[in-house]
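Read the structure below first, then the notes.
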Amino acid sequence: MEENKTILIAEDSSVILNLTKKILELQNYKILTAKNGTEVINQVQNQKIDAILMDLNIPKKNGMECTKEIRNSDNKDIASIPIIAVTGNANNYTMEQFKEAGINAYLPKPLDFDMLVQTVKQYVV
3 MEENKTILIA EDSSVILNLT KKILELQNYK ILTAKNGTEV INQVQNQKID
53 AILMDLNIPK KNGMECTKEI RNSDNKDIAS IPIIAVTGNA NNYTMEQFKE
103 AGINAYLPKP LDFDMLVQTV KQYVV
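The numbering of the sequence shown is the working numbering, which starts it at 3 and goes up by one.
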């Protein structure tokens, strides 16, 4: 059997985090979590991650800052991790800003879990 793909969920709401984690674990993904931007960057630097679900409103460094930092990494594997933005207030951002930051896809909150699974599968092959 192929090795489980690892998804990092960056989310400061425990409820959303746990739900998202359960849904993705049912799809046989290995889940890592981060409650703030500093943790996101640490996780990314310390292990192989196949995709990131990035809440844009996490503390310390927001999702946009984290995404830019990851995209600017000297490590090609890190710089190319698919990043799926998750936010309840996407109206604050345009698709252009998402693209400029290096976000691959975007999911609105409240999360549609079918859409979540479909989007993750699209980027994690």
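Quick reminder that beta carbons are idealized off the backbone N, C-alpha and C, glycines included. From a predicted model like this one, the values you see are computed outputs, not experimental measurements.
*asked:* Could you check whether the region 33–43 touches the region 84–91, counting it as contact only if at least three pairs of C-beta atoms, one from each stretch, sit closer than 8 Å?
replied: no
*Sort out for me which residues DSSP pairs K1 with in a bridge.*
Nothing about residue 1 can be reported from this structure: the residues present for the chain run from 3 to 127 only.
*Taking the runs of the alpha helix (DSSP H) that are 4 residues or longer, which of them lie wholly in the region 33–68?*
39–48
_Mapping the DSSP letters down to three states, classify Y125 as helix, strand or coil._
helix
*Check whether A107 and I60 have beta carbons under 8 Å apart*: A107 is not a Cβ neighbour of I60, given a cutoff of 8 Å.
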